[in-house]
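Numbering (this note's numbering), first residue to last: 5 to 173. The C-beta atom is built at its ideal place from N, Cα and C for all residues, glycine as well. Everything numeric in this text was worked out from a predicted model, so none of it was measured. Have a look at the structure below, then the notes.
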């Protein structure tokens, strides 16, 4: 597991962080998935954005055989280094926007999903945000916004913790 600083819940780039998490580390069709999981190097490799009051984190999770940890961490570092250096493509952004928009709409169809979103926005932002507000914000994120996010919160500024039989990395 690796942790790195990310935007807080009230940060202007929190939606950009959600999108980048999908592009780089979603459990399917992300850069980490294609680099590690699809070729069989790891059982799972995910990057999640977690927003909190006053802080946020990038959380990288890797599940693999102990003897492949070092090589897989190098693969992850390579993916992050490339994203930090080159950013993302407009196609990747559009696909992530569609996934997040679908999740927003589906979540809002269940009472607890909508109440959860209302509560988080009220507690962290002190404002009411409609489903349409969230959809408009997600649709308005640009490749340049992702670049600003990566400049402020690069993916490779990590602390690493492991669980398993290895005594060191």
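{"Asked": "Cα separation between residue 168 and residue 69?", "Found": "9 Å"}
{"Asked": "Below 8 Å CB to CB, which residues in the same chain sit around residue 76 once its five sequence neighbours on both sides are set aside?", "Found": "40, 45, 46, 49, 66, 68"}
{"Asked": "Helix, strand or coil for residue 106 per DSSP?", "Found": "helix"}
{"Asked": "For residue 51 versus residue 28, is the C-beta spacing smaller than 8 Å?", "Found": "yes"}
{"Asked": "Comparing C-alpha positions only, which one of 20, 36, 56 sits nearest to residue 129?", "Found": "56"}
{"Asked": "If you count every other CB in all the chains shown that lies within 10 Å of the CB of residue 22, and 16 or more means buried, which is it?", "Found": "buried"}
{"Asked": "Quick check on the burial criterion: 16 or more other C-beta atoms within 10 angstroms. Buried or exposed for residue 83?", "Found": "buried"}
{"Asked": "List in chain order: all unbroken beta strand (DSSP E) runs of 3+ residues lying wholly within the stretch 52-117.", "Found": "60-67"}
{"Asked": "Determine the contact status of residue 173 and residue 109, defining contact as a CB-CB distance below 8 Å.", "Found": "no"}
{"Asked": "Assuming residue 9 and residue 61 are in contact, meaning their beta carbons sit under 8 Å apart, how far apart are those beta carbons, in whole angstroms?", "Found": "7 Å"}
{"Asked": "Where DSSP assigns a beta bridge to residue 164, which residues make up the other side?", "Found": "6"}
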